[in-house]
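**Student:** In order, the protein sequence lines correspond to chains A and B. The first sequence begins at 74 in our numbering and counts up by one. The second sequence begins at 15 in our numbering and counts up by one. All C-beta atoms, glycine included, are put in the ideal place defined by N, C-alpha and C. None of the values given here were measured: they were computed from a predicted structure. Handing you a structure now.
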Amino acid sequence: MRASVRKSLTGYSFVLPWLIALGLFIGFPFLGGFYFSFCDFPPLKTPMFIGLDNYAQLLHDPVFHRSLGVTLIYGAAAIPLGVLLALTLALLLNTRIRGQALYRVIFFLPHLVPTVVTALLWLWIFNPDYGLLNLFLGKLMHGVDVWTGLFFDLEAAARGRILPVRWSAMLAAGPVAALLAFGPWLRSELTKRAGLFRLVRFAAALSCTLAVLPVLYVVMVRFMPGDMRKLHSPGWLSDASPFPAAVPFAPSWALWGIVVMSMWGVGQMAVIYLAKLQDVPIQLYEAADIDGATWIQKTRHITLPLISPVILFNVVMAIIGTFQVFTEPYIMTRGGPEDKTRFVALFIYDQAFQYQNVGYAAAVAWVLFLVIVGLTLLAFRLSRRHVYYAGR
Amino acid sequence: MRRVHFILAGIIAVVFCIGYFERPPKLEDFDPVRDAAFKDSWDRRIHLAYWEKWGSFERDACQAMVDAFNRSQDRIYVHYVNTSQVDRKAMLAIIGGTPPDVVGLWAQNVQPFASAGALLPLDSLMAKSGLSPERYTPQYLRIGTYDGRIYALPTTPASVALFYNRDHFKEKASELRAAGLDPERPPRTIEELDRYADVLTEFNPDGSPKRMGFLPTEPGWWNAEWGYYFGGSLYDKRTGRVTPDSSANIRAFLWLKRYAEKYGRDKLLRFRAGFGNFDSPNNAFIAGKVSMEIQGVWFPNFIRRHRPHMHFGVAPFPTARGVPGPRSFLDADVIAIPRGCRQIEAAWEFVRFAQGKGLEILCRLQGKHMPIKDPPPLFREGHPNLELAVFERVAASPYSFILPQLPVWQEYNDELGRAFDHIWDYPVPEKEIEGLSGPALDRKIAQYCRPEIVRTLGEVRKTIQHKLDLKRERDRLRRRRFGAVSRSRTGPPPEVPGTTE
Chain A
74 MRASVRKSLT GYSFVLPWLI ALGLFIGFPF LGGFYFSFCD FPPLKTPMFI
124 GLDNYAQLLH DPVFHRSLGV TLIYGAAAIP LGVLLALTLA LLLNTRIRGQ
174 ALYRVIFFLP HLVPTVVTAL LWLWIFNPDY GLLNLFLGKL MHGVDVWTGL
224 FFDLEAAARG RILPVRWSAM LAAGPVAALL AFGPWLRSEL TKRAGLFRLV
274 RFAAALSCTL AVLPVLYVVM VRFMPGDMRK LHSPGWLSDA SPFPAAVPFA
324 PSWALWGIVV MSMWGVGQMA VIYLAKLQDV PIQLYEAADI DGATWIQKTR
374 HITLPLISPV ILFNVVMAII GTFQVFTEPY IMTRGGPEDK TRFVALFIYD
424 QAFQYQNVGY AAAVAWVLFL VIVGLTLLAF RLSRRHVYYA GR
Chain B
15 MRRVHFILAG IIAVVFCIGY FERPPKLEDF DPVRDAAFKD SWDRRIHLAY
65 WEKWGSFERD ACQAMVDAFN RSQDRIYVHY VNTSQVDRKA MLAIIGGTPP
115 DVVGLWAQNV QPFASAGALL PLDSLMAKSG LSPERYTPQY LRIGTYDGRI
165 YALPTTPASV ALFYNRDHFK EKASELRAAG LDPERPPRTI EELDRYADVL
215 TEFNPDGSPK RMGFLPTEPG WWNAEWGYYF GGSLYDKRTG RVTPDSSANI
265 RAFLWLKRYA EKYGRDKLLR FRAGFGNFDS PNNAFIAGKV SMEIQGVWFP
315 NFIRRHRPHM HFGVAPFPTA RGVPGPRSFL DADVIAIPRG CRQIEAAWEF
365 VRFAQGKGLE ILCRLQGKHM PIKDPPPLFR EGHPNLELAV FERVAASPYS
415 FILPQLPVWQ EYNDELGRAF DHIWDYPVPE KEIEGLSGPA LDRKIAQYCR
465 PEIVRTLGEV RKTIQHKLDL KRERDRLRRR RFGAVSRSRT GPPPEVPGTT
515 E
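Listed below in structure tokens is the structure:
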């Protein structure tokens, strides 16, 4: 035997156990599933070939359409939110502050909690009556109500008329405060150095926010009174109504619950961003500093382009993850209310194990596979112009 | 090949042999304390695996039944394997060719298992050992029957009735009397139930319910079956068609919707969110948040556990005026012998015991009635369930019903659940019903919701009928292609002792 052949044989024999397992536990079910997707296959009976019937049935199955819709809506809400939150977290964790390592651990910890435990935990957090979330939300919204009530008549706004009351003259302080806080003298040496001026700036920014808040809130109450009323204490997982009600395809409160819960696990994404952030060459920042770039400019022109490959990676993983969401709805809602949290993975499970339609479930799984591949390719295609690889 | 290869191959062969050739079970492998009494006969006995559900005191009851069997003879030893999701595990085990010898399933499993030939028909075994089908309450026997043959026998039956809080009735006695109702007895018709509920309900200052007289969604396990209490059903056996949108079912949904609108959907949502788990002191009925509730024969066990001195009563659940009763939803856990069982005769001996003395032990310790017409004379003596008579009465009633035995029942049930959610949440403009009450409110709700209810239930009918027809068609096709049911993946039917004689 030639030496090179023997060498490759040795190599292959080392990876053979893995290859066998791959073929047996992934390849076989994968291809088997493809065959079964053309069969009528109750698990206790012999699979019977029925051609494209399962796929044809898919086209007319309203529950499948709803579950695909729920999954896509969830993705549209959870992926951008998750990426943004993780990125913000990573940028914050990347600053040089005391106890940085501790913060990193704290934000990563939720990712280590098993999903089942997280789901059971959030079931309590979401309880409309006793839950922590509604407790805080109720207090917060009450505060906003009281503050806005000083300037506007909220009840009139809910009926469609924005009426300013007593203190509305104070609202004029808002623009003045904004000018004070973010005005052209912002960059003067004075504000950068003197402690007192920094304090004034902070106070001005705060009063600007406090002045803008009631205006924004009263407008929201004017245009979506029902939503704002519900925001004081949402029913979360048991509420099928959409939020905001006026927006077509808006996620239901129940789905928002699962979106909010998924933010609990962004720590892992943040850690990946963080690793890449620390890889950004410091010379670039130094050069930007010399040119007088602000923090925002540095983030926009240096940080984001350099970490864009990691953003793409996280987005692709999030897309795939979206189509695999199963544990949370299975434990928390069982797909209800009104199918508003029936994710595709749950639909597949129900078809295979509840209704004993393994063939149909296989067909859905294959369609899902194609959808994931398609969306991932789309993400790569769209990213071509926006992702920067330093190596190329 | 070098020596090392031989050694590796040898190890693999040994591992394979250990895995393949089953060794007889040893006493030490099991509960040594429990099993010590069987030490002498251990090796002589046939060991059977009995997969069954249950937890907590209900598991103990099942164990007591198995123990009694093991003590009653010295030929067979049954191992009670407490199994969660027993139907799915049994299904995979049967497909894999290593089924348990005896399996405890749920009523809805009988149809899919039996139609696939995964269970052994028991008729001939029953006839041989003198176990007459006549002995059983007919509905319970029907649960285990498929295509005219008996595949499973009932173990613990379920029936439901109205539980009412006597203290609440006493508290509101004068108001009830003022409304022309008798505080000493529970309601007898659904119309009366609504009136009782009205009087018993208490509100918070903000108008949200503090205590509900009756809440049809508590516990919410039978939301799809209310139509039966209005004289309807979900399936018409004569025509072979599903009937979710029959007039009785539409009436039932309208009745439900009235509760949603009368007390406010959002307010009820919040009110219900405050309920604890079923098996907890915060259970809505046990905690006194709901005065009347539909619950099952098992419920007194849980009341006793969490609030031993609660003053409650039980009565047959009311039916709509003019609908004969009493009627109750009946269900049962069943015991069966899976195809592929290697010790059919021994397994049957255990099943036979579980249908005789064992049934008595099990039902008594679980606080339930028996699924047979004439329980043994001593069964009722000192029975832990003090409300046993009510449940026995509703179970024996010819009007009581079991769920339709359809191959698409799970889908049907889920589809009805969805329809229920949809109708419950279907918005009625607040302006329209503001200030209305009594019959005027009912009329307004009916006017607004009836078309939507008819449409939704009609859609359920179309979807499910289509699926049912499809399943039937495919079963026909399968029979044509593969022959009879027994030619399934689970192999040819084994010799059933008794059939060959």
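(1) If we count the other Cβ atoms within 10 Å of its Cβ and call it buried at 16 or more, is B/Pro-508 buried or exposed?
(2) Can you tell me whether A/Ile-331 is buried or exposed, with buried defined as 16 or more other CB within 10 angstroms of its CB?
(3) Would you tell me roughly how many angstroms separate the C-alpha atoms of A/Tyr-108 and A/Ala-129, rounded to the nearest one?
(4) Have a look at B/Gly-517 and B/Asp-115 and give me their C-alpha separation to the nearest angstrom.
(5) Mapping the DSSP letters down to three states, classify B/Glu-307 as helix, strand or coil.
(6) Cutting at 8 Å between CB atoms, please list the residues of its own chain near B/Tyr-165, excluding the five before and the five after it.
(7) Quick one: what's B/Arg-163 bridged to in DSSP?
(8) Could you have a look at B/Leu-136 and say whether DSSP puts it in helix, strand or coil?
(9) Closest Cβ-Cβ distance between A/Pro-90 and chain B: below 8 Å?
(10) For A/Leu-196, collect the residues of the same chain with a Cβ closer than 7 Å to its Cβ; drop the 5 residues on either side in sequence, then sort them by chain order.
(11) Three or more C-beta pairs closer than 8 Å, one from the stretch 331 to 339 of chain B and one from the stretch 200 to 207 of chain B: is that the case here?
(12) Check whether the Cβ of A/Tyr-428 lies closer than 8 Å to any Cβ atom in chain B.
(13) Hey, does A/Tyr-203 have any beta-carbon neighbour from chain B nearer than 8 Å?
(14) Assess contact between the stretch 137 to 147 of chain A and the stretch 406 to 420 of chain A, defined as three or more Cβ pairs (one per stretch) separated by less than 8 Å. Is contact present?
(15) Select from the stretch 128 to 148 of chain B all residues with a C-beta closer than 9 Å to any C-beta belonging to chain A, and list them in chain order.
(16) Rounded to the nearest angstrom, what separates A/Ile-355 and B/Thr-97 at their Cα positions?
(17) Given a threshold of 16 other Cβ atoms within 10 Å of its Cβ, counted over all protein chains shown, does A/Thr-168 qualify as buried or as exposed?
(18) For B/Ala-287 and chain A, any beta-carbon pair shorter than 8 Å?
(19) Do the stretch 427 to 439 of chain B and the stretch 435 to 453 of chain A meet, that is, are 3 or more Cβ pairs less than 8 Å apart?
(20) Does the Cβ-Cβ distance between B/Lys-224 and B/Glu-216 come in under 8 Å?
(21) Along chain B, in chain order, which residues have C-beta atoms closer than 7 Å to that of A/Asp-113?
(22) Just grab the DSSP bridge partners of B/Tyr-91 for me.
(23) Can you pull the chain B residues whose beta carbon is under 7 Å from the beta carbon of A/Leu-206, in chain order?
(24) For B/Pro-352, which residues does DSSP report across the bridge?
(25) Relative to the C-alpha of A/Pro-248, which residue among A/Ser-280, A/Val-238 and A/Arg-234 is closest?
(26) What separation, rounded to the nearest whole angstrom, lies between the Cα atoms of A/Leu-252 and A/Leu-347?
(27) Alpha carbon to alpha carbon, what distance is there between A/Leu-272 and A/Lys-371?
(28) Quick check: is the beta carbon of B/Gln-424 nearer than 8 Å to any beta carbon in chain A?
(29) So, B/Met-306 versus B/Ala-211, is the Cβ gap smaller than 8 Å?
(30) Label B/Glu-239 either buried or exposed according to how many other C-beta atoms from any shown protein chain fall within 10 Å of its C-beta, with 16 as the threshold for buried.
(31) State the beta-bridge partners of B/Thr-333 as determined by DSSP.
(32) I'd like to know if B/Ser-502 contacts chain A, where contact means its C-beta is closer than 8 Å to some C-beta of that chain.
(33) By the three-class DSSP mapping on this structure, what secondary structure does B/Phe-20 have?
(34) Residues in the stretch 254 to 286 of chain B with C-beta within 9 Å of chain A's C-beta atoms, listed in sequence order?
(35) Assuming A/Leu-185 is part of the alpha helix (DSSP H), what are its boundary residues?
(36) Using DSSP bridges, identify the partner residues of B/Glu-327.
**Tutor:** Answer, in terms of the structure:
(1) Only weak support is given to the placement of B/Pro-508: the predicted model assigns it a pLDDT of 46, under 50, and the value that follows is read from those uncertain coordinates. It counts as exposed.
(2) The residue in question, A/Ile-331, is buried, as its Cβ has 16 or more Cβ neighbours within 10 Å.
(3) The straight-line gap from Cα to Cα measures roughly 16 Å.
(4) For chain B, the structure presents residues 15 to 515; residue 517 of chain B sits outside this window and is missing.
(5) In the structure shown, B/Glu-307 sits in a strand (DSSP, three-state: E or B).
(6) So the list reads Val-124, Phe-127, Ala-128, Leu-133, Leu-134, Pro-135, Leu-136, Gly-158, Thr-159 and Ala-350, once near-sequence residues are dropped.
(7) Partner(s): B/Tyr-160.
(8) Under the three-state reduction of DSSP output, B/Leu-136 falls in the coil class, being neither helix nor strand.
(9) It does not: the Cβ of A/Pro-90 has no partner Cβ on chain B nearer than 8 Å.
(10) Cβ within range, chain order: Met-405.
(11) Here the stretch 331 to 339 of chain B makes contact with the stretch 200 to 207 of chain B; the two share three or more CB pairs at distances below 8 Å.
(12) Between A/Tyr-428 and chain B, the shortest Cβ-Cβ separation is below 8 Å.
(13) Yes, because at least one Cβ of chain B sits closer than 8 Å to the Cβ of A/Tyr-203.
(14) Under the Cβ criterion (8 Å, minimum of three pairs), the stretch 137 to 147 of chain A counts as touching the stretch 406 to 420 of chain A.
(15) Flagged, chain order: Ser-129, Ala-130, Gly-131 and Ala-132.
(16) Annotation: A/Ile-355 to B/Thr-97 spans about 60 Å, alpha carbon to alpha carbon.
(17) Exposed, since its Cβ has fewer than 16 Cβ neighbours within 10 Å.
(18) Interface residue, yes.
(19) Using a C-beta cut-off of 8 Å, the stretch 427 to 439 of chain B makes no contact with the stretch 435 to 453 of chain A, since fewer than three inter-stretch Cβ pairs fall below that distance.
(20) Their beta carbons are under 8 Å apart, which means B/Lys-224 touches B/Glu-216 by this criterion.
(21) Neighbours of A/Asp-113 on chain B, chain order: Arg-488.
(22) B/Tyr-91 has B/His-61 as its beta-bridge partners, per DSSP.
(23) The contacting residues do not exist; A/Leu-206 stays about 12 Å from chain B at best.
(24) Looking at the DSSP assignment, B/Pro-352 forms a beta bridge with B/Leu-133.
(25) Selected option, being the one with the closest Cα: A/Ser-280.
(26) Answer to the nearest angstrom: the Cα atoms are 35 Å apart.
(27) Distance between A/Lys-371 and A/Leu-272, taken at the CA atoms: about 25 Å.
(28) Under the 8 Å criterion on CB atoms, B/Gln-424 is classed as interfacial with respect to chain A.
(29) In contact: B/Met-306 and B/Ala-211 (Cβ atoms closer than 8 Å).
(30) Label assigned to B/Glu-239: buried.
(31) For B/Thr-333, which the question treats as bridged, DSSP gives the partners B/Thr-203.
(32) Residue placement at B/Ser-502 cannot be trusted, given a pLDDT of 45 that sits under 50; the coordinates are not used to answer.
(33) Correct three-state label for B/Phe-20: helix.
(34) Listed in sequence order: Asp-280, Leu-283, Arg-284, Phe-285 and Arg-286.
(35) DSSP places A/Leu-185 in the uninterrupted alpha helix (DSSP H) bounded by 173 to 185.
(36) The amino acid occupying residue 327 of chain B in the given sequence is Gly; Glu does not appear at that position. DSSP output for B/Gly-327 lists B/Tyr-178 as bridge partner(s).
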